[in-house]
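Heads up: the sequence shown begins at 1 in the UniProt record's numbering, then just goes up one per residue.
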Amino acid sequence: MITSDNREGARYGDDDDEPHCPSILGPAQNQKPIPKFTHTTRPITQSLKSILIRSSHQPNHSLLSQESARSLVQQFNPNIPIQEAITPPSSWYTAPNFLSLEFDQVFFTGWQAVGCTEQVQEANSYFTGRLGNIEYVVCRDETGELRAFHNVCRHHASLLAFGSGKGSCFTCPYHGWTYGLNGALLKATRITGIKNFNVKEFGLVPLRVAIWGPFILLNLEQEAFSQQGCEDDVGMEWLGSSSEILSTNGVDTSLSYLCKREYTIECNWKVFCDNYLDGGYHVPFAHKDLASGLKLDSYSTTVYEKVSIQRCDGGEVLGRHFQTVSCSGAAEDRYGPWMDTNLVLPLGPRRCKVIFDYFLDASLKDDEAFVTKSLEDSKKVQMEDIELCEWVQRGLESPAYDSGRYAPMVEKAMHHFHCLLHQNLMK
Ligand code: FES
C-alpha cells in the first residue's frame with residue numbers, strides 16, 4: 001500500500017494492485033513491482049535547491065524585446081510632479097513584451113499575493129493557480145504545514161493538480177506518478193530498469209510561501225529558497241513601512257470568511273488597478289448607488305513606500321471605506337462590518353482575473369437577507385467597473401489615444417502606482 005505521508009518508511013515505486021492513496025486526481029495504472037526504498041521529506045527539499053537554482057522560470061524573451069520594453073518604461077517620467085505629469089503611454093497596457101518585463105520585474109520579484117488563507121485552512125487542502133508561466137500549487141500537508149510547489153510533474157511536465165480541494169496526495173493524470181503534499185515523490189509507475197535515478201531529486205520543486213493577514217503570498221524568485229529569508233519579515237518586505245499601519249487599522253483577521261467571487265476581465269491588469277486608484281473620481285458617475293452611501297468630499301489619499309491608502313467617510317450603511325493596493329495588484333476594502341480582498345492577476349496583455357474574497361463580522365454572518373443584499377450590491381459595483389475597464393482597454397488600443405493627464409487632487413494613488421511600477425521596471 002502506498003502511503004501519502006512524509007514519515008520514514010513511505011514506500012516508493014510499488015506497482016502492485018493495492019489501492020493508491022485517496023488521491024486528488026484520477027487513479028493511477030496497475031503496474032509491476034519495483035524495488036522499494038525509504039526517504040524523508042527534508043532531504044528532498046534540500047536537494048531541490050540545486051535543481052531550483054539550475055532551473056529557469058523566467059519567460060524566454062530576447063534581449064531585444066527586453067530593451068524595447070525598457071524604452072517603453074522610459075516614456076513615463078516619475079520625476080515630473082503630478083500637476084504636470086503625463087500618464088504612461090498606452091503601450092504599457094497593450095504590448096506583450098511590456099507584460100513580459102512586468103512578470104520579470106514585478107510578479108517574479110519579491111512576495112506576491114496569490115490567494116487567501118481560507119483556501120488552505122485544513123490539513124490536506126490545496127489550491128492551484130498560474131502567474132505568467134509559473135504554475136503553482138499551495139497546500140497544507142497532513143501535519144498542517146503550509147507548503148507551495150511548482151505544479152508540474154517531474155516525469156514529463158504534465159500539470160499535476162487542478163482547481164482546489166482536499167486529498168492526501170497528488171497523482172499525475174498522465175502516467176500516475178504520485179507525490180505527497182510535502183512534495184516527496186511517493187510512487188513512480190513502471191520505471192523498472194531505470195538507472196541513475198535518485199528519488200530524492202524528483203520531488204516537486206518547492207516555492208517559498210508565507211501568510212500576511214488574510215493573504216497567501218508566494219515568492220517566485222529563482223533563488224528564493226536558497227536565500228532562506230525570515231518569514232517574520234514578510235510584511236515589511238511586501239508592504240514596506242505601511243505594513244504595521246495596515247495590520248492595526250485595516251486588515252482585520254478577526255472577521256469571518258464568507259465567500260469568493262472571480263471575474264475575468266478583458267483588460268490589462270493595470271486598467272483595473274488604475275480604476276481602483278482614482279480616489280473615487282469615477283464613483284459619482286459610474287456607481288450612483290454606491291455614491292449615495294459615501295461622503296465623497298471626505299475622500300483622502302495617503303501614499304506610503306509601497307502602498308497607498310484611500311479613505312472615505314460613509315453614511316449609516318457603509319461606515320468607513322478603506323482601501324489599499326500594492327504595486328502588483330493586491331487590494332483590500334474595509335467598510336462597516338465587511339472586508340474584501342482583491343487580487344488582480346494578469347492573464348495576458350489585455351486580460352486579467354480579479355479574485356474577491358469576502359469577510360464579515362461574525363455576528364452578521366447568519367443574517368441571510370443582509371448578506372444577500374450586500375453581495376448583490378457588491379456585484380453590481382464590480383459589473384459596473386468591469387464595463388468601464390473594458391471600455392478603457394478598447395480606447396487604449398485605439399490609434400486616437402496615447403497618453404492622458406492626471407486630476408492632481410484625486411488621482412494621487414494612481415500616480416504613485418505608476419511611479420512604483422516605473423521604479424520596479426527600471427531595476
Ligand atoms: S507526466 Fe506525470 S506521470 Fe508522466
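Glycine is no exception: its CB is placed at the ideal position from the N, C-alpha and C atoms.
Nearest candidate by alpha-carbon position, reference residue i, set the options
i           : options                        : result
Leu220      : Ile134, Ile82, Thr87, His418   : Ile134
Leu207      : His418, Val137, Glu397         : Val137
Gln393      : Asp357, Ala369, Gly348, Leu420 : Gly348
residue 461 : Leu186, Pro214, Glu305, Ser298 : Nothing can be reported for residue 461, as the shown portion of the chain is limited to 1 through 427.
Pro284      : Leu277, Leu296, Asp274         : Leu296
residue 448 : Val303, Tyr299, Asn79          : The structure shown does not extend to residue 448, since the chain is modelled only from 1 through 427, so no value can be given for it.
Val307      : Lys288, Cys327, Ser292, Ala291 : Cys327
Lys353      : Ala400, Ser374, Ile386, Asp333 : Ile386
Pro81       : Arg405, Leu421, Asn424         : Arg405
Cys172      : Ala188, Asn182, Lys166, Ser164 : Ala188
His155      : Leu343, Glu201, Gly280         : Glu201
Asp357      : Gly110, Ser256, Glu142         : Ser256
Ser241      : Gly183, Gly279, Asn182, Tyr304 : Tyr304
Glu332      : Glu67, Pro78, Tyr276           : Tyr276
Asp402      : Leu72, Asn79, Asn424, Gln112   : Leu72
residue 442 : Ala95, Ser378, Trp391          : The chain is shown only over 1 to 427; residue 442 falls outside these bounds and no answer can be derived.
Ser398      : Thr341, Pro89, Asn77, Ala85    : Pro89
residue 456 : Ile309, Val106, Leu146, Thr192 : The first residue shown for the chain is 1 and the last is 427, placing residue 456 beyond what the model contains.
residue 442 : Cys153, Met339, Leu217, Gly235 : Outside the shown range of the chain (1 to 427) lies residue 442, about which nothing can therefore be said.
Trp111      : Trp238, Gly280, His422         : Trp238
Leu181      : Ala148, Gly115, Ala210         : Ala148
Met236      : Gly329, Ile211, Arg70          : Ile211
Ile86       : Thr372, Lys166, Gln74, Ser65   : Gln74
Met426      : Ala291, Ser65, Arg70, Leu64    : Arg70
Met409      : Leu218, Glu84, Val209          : Glu84
Phe370      : Leu218, Arg351, Gly336, Leu186 : Gly336
Gln66       : Gly183, Pro96, Asn77           : Pro96
Gly132      : Arg190, Gly193, Val344         : Val344
Met339      : Phe417, Phe359, Pro346, His415 : Phe359
Leu375      : Leu258, Ala286, Glu390         : Leu258
Glu390      : Ile194, Asp274, Phe76          : Asp274
residue 467 : Ser68, Val234, Val106          : Examination of residue 467 is not possible in this model, given that the chain is present from 1 through 427 alone.
Ala113      : Gly183, Pro346, Asp278         : Pro346
Leu217      : Asp278, Gly329, Ile191, Leu186 : Gly329
Gly115      : Phe98, Trp92, Leu146           : Leu146
Asp252      : Val234, Arg190, Ile194, Thr341 : Thr341
Thr302      : Gly167, Ser164, His415         : His415
Thr94       : Leu396, Asn124, Ser168         : Leu396
The ligand FES heavy atom lying under 7 Å from the CB of residue i
i           : result
Gly176      : yes
Arg169      : The sequence as given places Cys at residue 169; Arg does not occur at that position. For the ligand FES, not one heavy atom lies less than 7 Å from the Cβ of Cys169.
His155      : yes
Cys172      : yes
residue 497 : Shown here, the chain extends from 1 to 427; a query on residue 497 therefore has no answer.
Any non-hydrogen atom of the ligand COA closer than 7 Å to residue i Cβ
i     : result
Ala85 : In the structure on display, the ligand COA does not appear, and the ligands it does have are the ligand FES.
Using 8 Å as the cut-off, can you tell me whether the stretch 90–110 makes contact with the stretch 265–278, which would need three or more C-beta pairs spanning the two stretches below that distance? yes
Could you say if the stretch 240–247 and the stretch 347–366 meet the contact criterion of at least three C-beta pairs nearer than 8 Å? no
Just checking, does the stretch 109–121 make contact with the stretch 169–178 on the three C-beta pairs under 8 Å criterion? no
With three or more C-beta pairs closer than 8 Å as the rule, is the stretch 259–267 touching the stretch 376–391? yes
Go through the stretch 244–292 residue by residue and report every complete run of the beta strand (DSSP E) that reaches 3 residues or more, in order. 256–265
For the pair the stretch 150–164 and the stretch 123–131, tell me if three or more CB-CB distances fall below 8 Å. yes
Completely contained beta strand (DSSP E) runs for the stretch 351–377, where each covers 3 or more residues: 351–360
Mind pulling the beta strand (DSSP E) runs of 3 or more residues that sit fully within the stretch 96–127? 111–116
At what residue ranges does the stretch 162–244 contain a whole run of the alpha helix (DSSP H), taking only runs of 4 or more? 224–227, 234–239
What are the uninterrupted segments assigned as alpha helix (DSSP H) that are 4 or more residues long and contained completely in the stretch 371–424, given in chain order? none
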